[in-house]
Structures are given as C-alpha cells and as structure tokens.
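*Asks:* The structure follows.
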Amino acid sequence: MTEMLSYDFMQRALIAAVLVGITAPAVGIYLVQRRQALMGDGMGHVALTGVGLGFFFQTSPVWMAVLVCVLGAVVMELVRSRGNQRGDIALAMLFYGGMACGKMLVSMSAQAGNGSLESYLWGSILTVAPSDLITITVLAAVVIAVTIGLRRQLFAICQDEEFARVTGLPVRVLNLLLAVMAAVTVTVAMRVVGLLLVSALMVVPVVAAQQLTRSFAMTQAASIGVGVLVAVAGVAGSYQADLPSGPTIVLLAIVVFAVLSAVATPLARRRHRAASDHGPEVCEVRLPDQQQGRTEDSVTSRGLAQ
Amino acid sequence: MSSVISKASKAEGTDSALARHPREVGAAPAAVCLCDAVASLGGRPVLRGVDLKVRPGEVVALLGANGSGKSTTVKSVIGAVPLERGGLELFGTPYAKFRAWHRIGYVPQRTTAASGVPATVREVVSTGRLPQHGLLPFRRKDKAAVDRALAQVGMLDRAEDGVAGLSGGQHQRVLIARALVGSPELLIMDEPMAGVDVASQQVLADTLRQEVGRGTAVLLVLHELGPLEPLIDRTVVLRDGCVAYDGPPHPSTGQHALPGHDHVHPHGDDHLTTPGLLA
C-alpha cells in the first residue's frame, strides 16, 4: 500500500486528488443549493473545447480549458440571470457545441491521438504532470479561498437571491464569481476525475453529506470530507486495481451516499423520538386550536358563498 | 423656510414634482416614494401609474385583488422589478444612488420551494445581517443581533433546527426575524399573514407592534386587514395596476371586499364580509 507513495506520479495524483476532493464539493454545494446541480456537467462539456484548443495550438490544455470554461460559465450565468424562457435551448447549444468542437479540434491536431483525449474525458492518475500540479494547486487555492471565505455571502445569494439584493450585496458580481469558481473547479478536477464525471464530484458528496446534517456550514464541511475521502481512495484504488480513476472515484462517492442515506433514516427517527421526549405530543396541544380554526374557516367560506 | 417647500412637495405624484423637490427640507424624507410607476412582467403591463408614499414611522397596507399589482408594487420598491416609467426614491435618495440597504428590512412572500441544501434557522436569519458586515466576516455583535431577532419572534429555541422542518407560521417568523436583524427603519412585507397559523399570527402582530412602537415605517401587502388592523395608519387599494383608494383604513377594506379573491388562511378574528369600498 505504501509502495505507491514512492512513485512521483502517484504523489502528484494523490495531491491533485486531495485538492479536487476539497474544491469540487466546496463549489458544488452552492450549485446544489440553487438546484443547478447539472451545471458542472455542462461546464465539463464546454471545457472540452479548451482542451481541443490546447492540443490544436500545442499549448497547455489545462490553461486553455480554464479560459474557455470561464467564458462558458459567464455566458451560462448571463442566460440564468436573464431568466430567459429559451435559456435551456441556449445552454444545450453551448454544451453540445463545446463537446463537438473539442473532439473536432483534437482530431485535427497533429499532436495527440485519441488515447490522450480519453484521459481528459475519464481522468487518469498517470497524466498529472508536474506543471499541471502547480496550475491545479494555484487554482484550487483561489477556489477554496472564495468558496469558504465568502460562505455567508454566497449562501445568501443562492438561498434567496431577491433578498440578497435587498441587503445591498453585489449580487451580480457574486453570481459571476461563483460561476467562474465552478468553471475553474471543473478544470482543476478534469485531470483526476475526467470532464465527463467532474459534475458527479461536485454533487454526490454534497448530497451524501446532507443525509446527516442540518446546517449549511456542516454540510459544506462534511461534503469536503466525503470528497477528499473518495478522491484519495479512488486514486489509490485506481493504482491498486489498475482501473480508470474517474469512474472509481464516482462509484465510491455513490457508495458513500448509499451508506449514509441508509444510516440517516434510523438516526432521524431517534432524533425525532428524543425531541418528542421534551414535550407533550403535538396533536394533544393543537387539537382545540385546530378545531377553532376549522369552525372559523367554515364561517368564512359561508361568507364567500354570499 | 421649510414650510414653502413642504407645501410645494404636497404636489407629489408626478415626475416633475420629484425632480424639483428631491427631498423635503426640514422634514425627514419619505421612506418610500414611488411616483407614477409603470412596470410589466413578461410583456404584460402590471403597474399602470402607481403612486405610493410611506412616511417615516407610518404603517401602510397595500390591498387589492389577486393580480391587481400589490406584489409587483412591492417588488418594484425593492428594485426587483424594474420601472419602465416613473420614479422611485428611498429615504429621499433616487433608487439608482441608494446604498443604505441597512435601513430596509424585506420579508418576501413565503414560498414552499425548499433549497437544495439544508440550512438552520440561525443561518437563514444571519443573512439578514449582511447589510451590516457586507463582504467582511461575521462578528460577535452580528451574532448578538441574530439572537435578539430570533428571541423577538420566539424562535430562539429553534435556532439550530433546519428550516425545512418548520411549519408555515414558524417559517414566516424566521423570515421576519431575518428582516429585523439589522434593526431597519422601513419594513417591507409581502403577505406576512398568508398561510400562517393563528398562534403565529399573534406573534407576528405583537412583533409588528413592537417595531411600530420603535418608530419603524412599514409597507405591508395584505390579503385583508385582519389582526393587524389597529396598527395600520393608511391603506392603499390597487385595482388593475392603478391606485383605487388611498386613505385611512376602512373597516373590512380587505380582500374580502374585493371581487376575485381566494381564501388561503385561517383567521384569528371575526371579520365582517360586508361589502367594502369597492363593492
């Protein structure tokens, strides 16, 4: 088990896994909160064009992916904030256009064959180059600083955007910032998890964690814990069993979700029982009140009929 | 000196009057001054020239049938619905230049749509403190303010509970605590009594009474006057996006006096169904 740590590529892959495990749920929780859980998936599609451009111009695919993905995220945020009814169609164009464009560019480039594209799509522990690791670390530091440092502000805009506006927060700027952070996270994660599965690591740890938590802050902390656990275990398992790292990580995350939701039901029941010990049964207290409400209601409905 | 101007400012209601007298010198400016507001939603005109003024410390109830433009009026006051024509001033400052959001507490219409991630009562109420700390960290005095607001609506013991498990009335109390946490000078509430049980209605009425006693101005969208009636200084009745009545509250000038209302909540009072002003 420890022998894998002696390989440079495994050290890099494990460091990248820790960073991905932190950043993906830290951003993803806001997308889940806003019911935009699949946004990361779309961004992964768009990022493929960036990878394609990187191949085509023989520059760093990671930086090109960051650039294209950030642009795509800004467009997505503008579509969302307009509340356009045809917005989903615009997004479909963007996602599939991005995917098609990426594949086209890769096949036109002289540099790499399909095997290399494959590693961007599904993630690979062999491909985290030393230069990639520096990029990933810098980007991850920015994402972590923003998503944890501005937790209250981002929570407010995702919880109730209209109210957040009335508090005088720069809602538009924060929305754009969040979209850009999601885009950056996609590119941070793509080497380890792969572009097609990035979104899973942004969503599944959050959903798994919230089986047991009641507060947003706890959910964020626990989902980061789940994210790091499955990312590191997935990379290690990928080395041990010679499996692609992305699918291993995602399937592990789903197993954690299943286990936590199985545990959650009896826990909630016990908590409920503990709470009801504090006071009398709810219905005993409420009964006269309810009756009163009912009679009054019938009075008013008579009024209505008049 | 100020008498001339304040007399002149009585000629409110037009754009030009607003431009000439942006603020009433000598008197505190109106908390809300909406002038000839025209707005539409999805291409459909909803407000067709609404004038609305809320003076400091005044409690104004906005009434009207469904679709008369009550909620849209409130949303245009907070800037969520842009005006196509007309002017909006908050505390004497034109909307575009208004930054003193800490003076306003907003209670939106309660929705049943839950967010995708759990959040506690305390976390939701804490967002009401953002006008005070903005992009800076949350401090101890912010936490004290949250505790105070929660105690005011009787929800301090539920502070660590998830909002998803609350009843309609408790949820409404949380939203009101969120608006009160910054000690606003103007409270804007959209249907605070809708879907609220009788016990919570009483808590809400008491809370509102305390706030009014403190000198807070209140703009309320109401279905009917109900238990809040004694607090209300003035009612504004909307019909088809226009102001149909603006004056002292009239008994049973509520939703029930208007055609086309639907009944959505229990009552703690014996309201009359006699035809009101507009019947």
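Protein chains in written order, with the working numbering: chain P, 329 to 634; chain B, 5 to 283.
From the three backbone atoms N, C-alpha and C, an ideal C-beta is built for every residue, glycine too.
1) Report the neighbours of E490/P on chain B: residues whose CB is nearer than 9 Å to its CB, in chain order.
2) In its own chain, which residues sit with a C-beta less than 6 Å from the C-beta of A341/P, not counting the 5 before and 5 after it?
3) Please confirm whether V36/B and L190/B have their CB atoms less than 8 Å apart.
4) How would you list, in chain order, the residues of chain P whose beta-carbon sits under 8 Å from the beta-carbon of S72/B?
5) Can we say the stretch 492-502 of chain P touches the stretch 343-352 of chain P, given the rule of at least three CB pairs closer than 8 Å?
6) Please report how far the alpha carbon of C429/P lies from the alpha carbon of G173/B, in whole angstroms.
7) Under the rule that 16 or more other beta-carbon atoms within 10 Å means buried, what is D488/P, buried or exposed?
8) Return the chain-ordered list of same chain residues with a C-beta closer than 6 Å to the C-beta of P60/B, the five sequence neighbours on each side being excluded.
9) Evaluate F383/P with the Cβ neighbour count: other Cβ atoms within 10 Å of its Cβ, from every protein chain shown; 16 or more gives buried, anything less gives exposed.
10) For I82/B, is the classification buried or exposed, using 16 other Cβ atoms within 10 angstroms of its Cβ as the cut-off for buried?
11) From Q214/B, C39/B, L212/B, S72/B, pick the residue whose C-alpha is nearest to that of R48/B; which is it?
12) For T220/B and chain P, any beta-carbon pair shorter than 8 Å?
13) Would DSSP call P389/P helix, strand or coil?
14) Could you give the distance in angstroms between the alpha-carbon of A675/P and the alpha-carbon of A517/P?
15) Which whole-angstrom value is the C-beta distance of A586/P and A510/P, which I expect to be below 8 Å?
16) Short of 7 Å Cβ to Cβ, which residues in the stretch 140-155 of chain B face chain P?
17) Just to make sure I have the definition right: I need the residues of chain B whose C-beta is within less than 8 Å of the C-beta of A473/P. Which are they?
18) So, with DSSP's three-state summary, where would you put R89/B?
19) Could you give the first and the last residue of the continuous alpha helix (DSSP H) run that contains P135/B?
20) Below 8 Å between beta carbons: does that hold for A181/B and M197/B?
21) Label Q568/P either buried or exposed according to how many other C-beta atoms from any shown protein chain fall within 10 Å of its C-beta, with 16 as the threshold for buried.
22) For E127/B, which residues in chain P fall below 9 Å Cβ to Cβ?
23) Assign S573/P to buried or exposed, taking buried as 16 or more other Cβ atoms, counted over all protein chains shown, within 10 Å of its Cβ.
24) With a Cβ-Cβ cutoff of 8 Å, do A549/P and T131/B count as a contact?
25) Given this structure, state the Cα-to-Cα distance separating Q259/B from L226/B, to the nearest angstrom.
26) Looking only at its chain, what residues have a beta carbon closer than 6 Å to the beta carbon of A468/P, apart from the 5 residues adjacent to it on each side?
*Replies:* Quick answer:
1) For a Cβ distance threshold of 9 Å, residue set K79, I82, A84, Y110, P112 of chain B lies close to E490/P, ordered along the chain.
2) Cβ neighbours of A341/P beyond the five flanking positions: I453, V456, V563.
3) Between V36/B and L190/B, the C-beta gap is smaller than 8 Å, which places the two residues in contact.
4) Against chain P, the beta carbon of S72/B has no neighbour under 8 Å; the closest one sits roughly 18 Å away.
5) Contact between the stretch 492-502 of chain P and the stretch 343-352 of chain P is absent, because fewer than three Cβ pairs lie under 8 Å.
6) So the two alpha carbons sit approximately 52 Å from each other.
7) With 16 or more Cβ atoms within 10 Å of its Cβ, D488/P is classed as buried.
8) For P60/B, where only same-chain residues beyond five positions count, the Cβ hits under 6 Å are A32, A35, A221.
9) By the Cβ neighbour-count rule, F383/P is buried, with 16 or more other Cβ atoms within 10 Å of its own.
10) With 16 or more Cβ atoms within 10 Å of its Cβ, I82/B is classed as buried.
11) Each of Q214/B, C39/B, L212/B, S72/B was checked against the Cα of R48/B, and the nearest Cα belongs to S72/B.
12) No, because no Cβ of chain P sits closer than 8 Å to the Cβ of T220/B.
13) P389/P sits in a helix when the DSSP states are folded into three classes.
14) Not covered by the structure: residue 675/P. The range shown for chain P is 329 to 634.
15) The Cβ separation is near 26 Å, so there is no contact.
16) The stretch 140-155 of chain B vs chain P, Cβ under 7 Å: F142.
17) Neighbours of A473/P on chain B: none; closest Cβ ~13 Å, over 8 Å.
18) Secondary structure at R89/B: strand, using DSSP grouped into helix, strand and coil.
19) In the DSSP assignment, P135/B falls within the unbroken alpha helix (DSSP H) covering 134-137.
20) Inclusion of A181/B and M197/B in the CB contact set at 8 Å is not warranted, their separation being larger than that value.
21) By the 10 Å Cβ count, Q568/P comes out exposed.
22) The contacting residues are R480, F483, Q487, S543, F544, A545.
23) Per the 10 Å Cβ criterion, buried.
24) No; because the gap between Cβ atoms is not below 8 Å, this pair is not in contact.
25) Any answer about Q259/B is weak, because its pLDDT of 46 lies below 50 and its placement is not dependable; what the coordinates show is given next. Taking the straight line joining both Cα atoms gives about 8 Å.
26) Scanning its chain for C-beta atoms nearer than 6 Å, with the 5 sequence neighbours on each side dropped, one finds around A468/P the residues L347, T351, V516, in chain order.
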